[in-house]
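Some notes on the structure that comes next.
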Amino acid sequence: MTDETHGPTGAEATDGRSTAPGGNSSAYGESLADVYDSLYPAAGPAIDSMVGFLQELRPAPASLLELGVGTGRLAVPLAKNGYRVHGVDASPAMLAKLHENDPTGRVTTAVGDFSALAVEERYDLVLTALNTFFMLPTQEQQISCLRGIHDALADDGVAVFETYNPQVYHRLTEATTRIGHLAPDALLLDTIQVNQSLQSVLVVHTIMSAGGLRKVPEVSRYAWPAEFDVMARLAGLRVTDRWADWDRSPVTGHSEKHVYVVERQNV
């Protein structure tokens, strides 16, 4: 679960460090930028499937805006496949790592808070992947983000959201711990607590390595599919498709995630 943010100057955003969502995702990114690529590899079948999914919607060389671009896990492969990619992220450390991963400078970026997005350019695709949308901690900020996406879309553009299935966390009635491996000498311990009434998930990432112990909190606010549909309509958008993964598999109660496709209502 994470938030992913250099370029055409067509997309500008307010300083992410000055607001609650920016503070949340900026702190998260600043703390995890050095290990993020170990957590979420930038190659493999999942990346190929995502690129193929977007190619079917709007083929390259379409223009693409990624909100929460992070270290470029998705943006760099998309740019290599011919997309004109601009990314926004609240974390300068994440963007610095993106530039290392993109030495040719294909991806352009800006530091910013995507809940208060203001754009000069309009895009064929807007991508908000890997649960980034849920890192906006209130319904009002999520609606504000959707309104910014509405303004950022070209008339025939589409927005794509990848989120976790709220049921995955909503059904957790007590604190849960999960263990993962970052490297031969590093472990990741995630402690998860859910507030069902607030639709809120707190994950404390504890990284244990030879360099010591580090704790990074992450807060997300999940929206149920029906609520997402209503918020999109309030922002002048409409959901046209919802899938369980980039392979367009159907959503079931056991799906780990949701992939939404959204268009302007006037399309």
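Going by the numbering used here, 256 is the number at position 178 of the sequence shown; the sequence numbering is gapless.
We put the beta carbon where it would ideally sit given N, CA and C, even for glycine.
Quick one, which of Ser169, Gly130, Lys175 and Asn179 has its alpha-carbon nearest Gly160's?
Per the Cα distances, Gly130.
Once you ignore the five residues that flank Ser287 on each side, which residues in its own chain have a CB closer than 8 Å to its CB?
So the qualifying residues of the chain are Leu260, Ala261, Asp263, Ala264 and Leu265.
Mind checking which residues open and close the alpha helix (DSSP H) that includes Asn179?
Pro170 to Asn179 is the extent of the alpha helix (DSSP H) around Asn179.
Can you say whether Trp302 is buried or exposed, counting buried as having 16 or more other CB atoms within 10 angstroms of its CB?
So Trp302 ends up on the exposed side.
Check whether the Cβ atoms of Phe192 and Leu156 sit closer than 8 Å, and answer yes or no.
No, they are not a contact pair.
Please go through the same chain and pick out, in chain order, the residues whose beta-carbon is closer than 7 Å to the beta-carbon of Ser327, but skip the five residues on each side of it.
The residues are Trp321.
Please state the DSSP three-state secondary structure of Gln271.
Strand.
Helix, strand or coil for His228, going by three-state DSSP, please let me know.
Note: His228 maps to helix in three-state DSSP.
Quick check: Val340 and Leu315, are their CB atoms within less than 8 Å of each other?
Yes; because the gap between Cβ atoms is below 8 Å, this pair is in contact.
For Ala304, does the count of other Cβ atoms within 10 angstroms reach 16, so buried, or fall short, so exposed?
Under this definition Ala304 is an exposed residue.
Do three or more CB pairs link the segment 209–224 to the segment 238–245 at distances below 8 Å?
The segment 209–224 is in contact with the segment 238–245.
Over the uninterrupted beta strand (DSSP E) stretch that includes Ala188, give me the two end residues.
Note, Ala188: beta strand (DSSP E), Thr186 to Val189.
Could you give the residue range of the alpha helix (DSSP H) that holds Ala124?
Per DSSP, Ala124 belongs to the alpha helix (DSSP H) from Pro123 to Leu135.
Tell me the DSSP bridge mates of His283?
His283 is bridged to Asp268 and Val294.
Taking only three categories from DSSP, how would you classify Ala138?
If DSSP states are grouped into helix, strand and coil, Ala138 belongs with coil.
Between the Cα of Thr269 and those of Lys158, Leu250 and Gln277, spot the shortest distance and give me the residue it belongs to.
The candidate whose alpha carbon is nearest that of Thr269 is Leu250.
Among all the DSSP beta bridges, which residues are the ones paired with Asp202?
Asp202 pairs with nothing; no bridge assigned.
Straight-line CA distance for Ala196 to Val282?
Approximately 32 Å between the Cα atoms of the pair.
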